[in-house]
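If you're matching positions, the sequence shown starts at 681 in the numbering used here and goes up one per residue.
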Amino acid sequence: MSRLVHTRIGAQSIRIRVTRVSTFDVLLLGGGGREHALARCFAADPAVGHLHIAPGNPGLAALGTRHDIDAADPDAVVALARDLGVEFVMIGPEAPLVAGVADALREAGIDCFGPSREAAALEGSKAFAKEVMAAAGVPTARSRICETIEQATAAIDEFGPTHVVKNDALAGGKGVVVTDDREEAIAHASTCGRVVIESFLDGPEVSLFVICDGERGIPLLPAQDFKRVGDGDAGPNTGGMGAYAPLPWARESLADEVMERVVDPTLAEMHRRGTPFTGLLYVGLALTTRSGLQVIEFNVRFGDPETQAVLALLETPLAGVLRAAARGELDTVPPLRWRDAHAVVVVEAAQGYPYAPLTDCPLQIPTDDTNAWTLQAGTTEVDGKLLSCAGRVLGVVGLGAELEEARSAAYAKLAEVDFEDGFHRTDIGIPH
Ligand code: AMP
Ligand code: GLY
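The structure is reproduced here in structure tokens:
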């Protein structure tokens, strides 16, 4: 919308054309590093009027207004969204999705980005994801769904080492054990209820995020996550210790191939079942030596910490794209624009992570630069002091023209973090 107005410069009267950009208010749910990255995008987006965040974290206070509610309580979220009069709700983590927050918002007539509870089972139940992949002809590891430890032991022996044992329930990325040790595999299976035993997939892993509107998807840049806690991929799996994007070693056609072989058939199958998928489909892939690309898992939300690297490179304002997806209108969205650069994010975790992270440890974070900045995740503020409150405490993002430059920028900024009880991997951003 634009109109002509008269104005004066000195003694001269001129006419200028004024364009009014219509804005919308946004409520962002969640409080981790991923949400800090999303909030940075929203805060810089000219289409976003006011940004509200629930519950957020201390790092988000500068970017919007925080609200202290349980983001996984559908009634509380709908009430807050109505009170605030927001036009769009972005759901960050999986817990609200599995709890049906997206369903409740849609029923209330509020646009929201995130799948329905039924569609969120693509992440919430590994068994359901396998069933959809089989029906859609999506390449993935062979698997057995086991209800008893006897069945699990038989499947572990059938597939042989390396053993892959997955808790069927949501476990924050920590319910999977990959090991050559049969006893360890059986021990993990015995701690789960329903368990999925899989054949082992070799090859580098890729995370591809796809913004979906129920019928079609738009892929973001491929990224690589570092799941194990220690350098050289040593130690147990975590939620993710760092990431980088894009992947200089990956073929250019990779995203197109994943769309054709994985995402389009999955969206069609979900549609056929009457549970169309609207939200972020996170495709975790292995590029195997023998059988090409194979899906390791689906998640139904932006990955953490890959999002922190991917969104650092996105030039297109994000909120409008997500809202178009929420409204089933991705066909109206022009191609995304990306910075010609690389991004690395390194996670600073609290000692003891992933099993028993120390909490309430003081930390201080440095000021941001244009090529390196800190995102908060497991932090809380008590009497004006910043303290750790979860396993993954910070993510430090570095940008550079080359991957190595981005890596150096992230590690140089991380060296300025003052957190005695923290640790990080030193090999994030080295392709693996
Ligand atoms: P998931 O929770 O399914 O993403 O699994 C966590 C991590 O376990 C993945 O990122 C992989 O590193 C590893 N993993 C899971 N499934 C397999 C598999 N079938 N073969 C090899 N590694 C796997
Ligand atoms: N980075 C892995 C995840 O978000 O599950």
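Cβ coordinates follow ideal geometry from the N, Cα and C atoms, glycine included. For clarity, every value in this text was computed on a predicted model and none was experimentally measured.
- Taking all protein chains shown into account, do 16 or more other C-beta atoms lie within 10 angstroms of the C-beta of E774, making it buried, or fewer, making it exposed? Sequence index remark: in the sequence shown, residue 774 carries index 94 (1-based). Buried: at least 16 other Cβ atoms inside 10 Å.
- Message: If you reduce the DSSP assignment to three classes, tell me which class I694 lands in.
- Response: By one-based count along the sequence shown, residue 694 stands at place 14. I694: strand per DSSP, three-state reduction.
- Message: Which of the three DSSP states is assigned to A784 in this structure?
- Response: The residue labelled residue 784 in the question sits at position 104 within the sequence shown. It is helical.
- Message: I'd like to check one pair, V758 with A1181: are the Cβ atoms closer than 8 Å?
- Response: In the structure as shown, the chain starts at 681 and stops at 1112, and residue 1181 therefore has no counterpart that could be examined.
- Alpha carbon to alpha carbon, what distance is there between Q1031 and G915? Counting from one through the sequence shown, the residue named residue 915 turns up at place 235. Counting from one through the sequence shown, the residue named residue 1031 turns up at place 351. Roughly 14 Å between the two C-alpha positions.
- Rank A1086, D748, A1090 and A1005 by C-alpha distance to the C-alpha of E895 and give the top, closest one. Position 215 of the sequence shown, counting from 1, holds the residue named residue 895. Comparing Cα positions, the closest option is A1005.
- Message: Please tell me whether P1042 and L1067 are closer than 8 Å, where the distance is taken between their beta carbons.
- Response: The residue labelled residue 1042 in the question sits at position 362 within the sequence shown. The residue labelled residue 1067 in the question sits at position 387 within the sequence shown. Yes, these two residues count as a Cβ contact at 8 Å.
- Item | Neighbour-count burial assignment, E715, 16 or more Cβ in a 10 Å radius | In the sequence shown, counting from the first residue as 1, residue 715 sits at position 35. The residue in question, E715, is buried, as its Cβ has 16 or more Cβ neighbours within 10 Å.
- Is it true that the segment 823 to 842 meets the segment 872 to 882, where meeting means three or more beta-carbon pairs spaced less than 8 Å apart? yes
- Query: Would DSSP call M681 helix, strand or coil?
  - Reply: Against the sequence shown, residue 681 aligns to sequence position 1. Any reading at M681 must be qualified, since the residue scores a pLDDT of 49, below 50, and its modelled position is unreliable; the value itself is stated next. DSSP places M681 in coil when its eight states are reduced to three.
- Name, in chain order, the residues that DSSP records as bridge partners for M770. Numbered from its first residue, the sequence shown carries residue 770 at position 90. L708 and F793, per the DSSP bridge assignment.
- Query: Are the beta-carbon atoms of K806 and D748 separated by less than 8 Å?
  - Reply: Residue mapping note: residue 806 aligns to position 126 of the sequence shown, counting from 1. Residue mapping note: residue 748 aligns to position 68 of the sequence shown, counting from 1. No.
- Query: Secondary structure at I825, three-state DSSP: helix, strand or coil?
  - Reply: If you number the sequence shown from 1, residue 825 lands on position 145. Note: I825 maps to strand in three-state DSSP.
- For R797 and V778, believed in contact at Cβ under 8 Å, the rounded distance: Position 98 of the sequence shown, counting from 1, holds the residue named residue 778. Position 117 of the sequence shown, counting from 1, holds the residue named residue 797. Sure, about 6 Å apart at Cβ, within 8 Å.
- Query: What are the start and end residues of the alpha helix (DSSP H) that includes I866?
  - Reply: As a working note, residue 866 is residue 186 in the sequence shown. Looking at the DSSP string, the run of the alpha helix (DSSP H) that includes I866 is R862 to T871.
- Query: Among the residues of its own chain, which have a CB less than 6 Å from the CB of D1107, if the five just before and after it don't count?
  - Reply: Translated into positions along the sequence shown, residue 1107 becomes position 427. Correct list, in chain order: D911.
- Query: So which of V858, T946 and N917 has the shortest CA-CA distance to G897?
  - Reply: To locate residue 897, count along the sequence shown from 1; it is residue 217. The candidate whose alpha carbon is nearest that of G897 is T946.
- Task: For K907, verify whether its CB is less than 7 Å away from any heavy atom of the ligand AMP.
- Result: Along the sequence shown, one-based indexing puts residue 907 at 227. Yes - the ligand AMP has a heavy atom lying nearer than 7 Å to the Cβ of K907.
- Task: Check whether the Cβ of G920 lies closer than 7 Å to any heavy atom of the ligand GLY, and answer yes or no.
- Result: Here residue 920 corresponds to residue number 240 of the sequence shown, with the count starting at 1. Result yes, Cβ under 7 Å from the ligand GLY.
- Message: Measuring only the C-alpha atoms, how far is G739 from R862?
- Response: In the sequence shown, counting from the first residue as 1, residue 739 sits at position 59. In the sequence shown, counting from the first residue as 1, residue 862 sits at position 182. Each residue's alpha carbon lies about 43 Å from the other.
- Is it right to say R1129 is buried, meaning 16 or more other beta carbons lie within 10 angstroms of its own, or is it exposed? Because the chain in this structure spans residues 681 to 1112, residue 1129 falls outside the shown range and cannot be described.
- Message: Are the CB atoms of L709 and A719 within a distance shorter than 8 Å?
- Response: Indexing the sequence shown from 1 puts residue 719 at position 39. Indexing the sequence shown from 1 puts residue 709 at position 29. No, they are not a contact pair.
- One or two residues paired with H1022 in a DSSP bridge: Along the sequence shown, read from residue 1 onward, the residue named residue 1022 stands at position 342. In the DSSP output, where bridge partners are listed per residue, H1022 has G1080.
- Message: Rounded to whole angstroms, what is the Cα-Cα separation between L960 and P795?
- Response: Locating residue 960 in the sequence shown gives position 280, where the first residue counts as 1. Locating residue 795 in the sequence shown gives position 115, where the first residue counts as 1. Roughly 8 Å between the two C-alpha positions.
- Item | Through-space distance from A821 to A815, alpha-carbon basis | Position 135 of the sequence shown holds residue 815. Position 141 of the sequence shown holds residue 821. So the alpha carbons of these two residues sit roughly 14 Å apart.
- Message: Taking 8 Å as the limit between beta carbons, can you name the residues of its chain near A1052, skipping five residues before and five after?
- Response: On the sequence shown, residue 1052 is found 372 positions in, with the first residue counted as 1. Closer than 8 Å at Cβ, skipping near neighbours: V1076, V1077, G1078, L1079, A1089, A1090, A1092 and K1093.
- Alpha carbon to alpha carbon, how far is V1001 from I689? Give it in angstroms, no decimals. Residue mapping note: residue 689 aligns to position 9 of the sequence shown, counting from 1. Residue mapping note: residue 1001 aligns to position 321 of the sequence shown, counting from 1. Near 38 Å, if we compare the C-alpha coordinates of V1001 and I689.
- Message: Using only CA atoms, which one of L785, T955 and S702 lies nearest to A999?
- Response: Position 319 of the sequence shown, counting from 1, holds the residue named residue 999. Checked all of L785, T955 and S702; the closest Cα to A999 is S702.
- With distances taken Cα to Cα, identify the nearest neighbour of R1017 among P997, V1025 and V1027. In the sequence shown, the residue the question calls residue 1017 occupies position 337. Closest by alpha carbon: P997.
- Note down the Cα distance separating K966 from V886, rounded to an integer number of angstroms. Taking the sequence shown and counting its residues from 1, one reaches residue 966 at position 286. Taking the sequence shown and counting its residues from 1, one reaches residue 886 at position 206. It is Ala, not Lys, that sits at residue 966 in the sequence shown. The alpha-carbon atoms of A966 and V886 are separated by roughly 6 Å.
- Query: V766: which of V706, G772 and F793 sits nearest, CA to CA?
  - Reply: What you label residue 766 is simply residue 86 of the sequence shown in a count that begins at 1. Cα-wise, what sits closest to V766 is V706.
- Task: Count the other C-beta atoms from every protein chain shown that fall within 10 angstroms of the C-beta of L686, then say buried if there are 16 or more, exposed otherwise.
- Result: Position 6 of the sequence shown holds residue 686. The sequence given here has His at residue 686, not Leu. Per the 10 Å Cβ criterion, exposed.
- Near the ligand AMP: V812 beta-carbon under 7 Å from a heavy atom: For the purposes of this step, residue 812 is taken as the residue at position 132 of the sequence shown. No - the ligand AMP has no heavy atom lying nearer than 7 Å to the Cβ of V812.
- Query: Helix, strand or coil for E878 per DSSP?
  - Reply: In the sequence shown, counting from the first residue as 1, residue 878 sits at position 198. Looking at E878 - three-state DSSP - the assignment turns out to be strand.
- Residue environment, P899, which counts as buried when at least 16 other CB atoms sit within 10 Å: In the sequence shown, counting from the first residue as 1, residue 899 sits at position 219. That one is buried.
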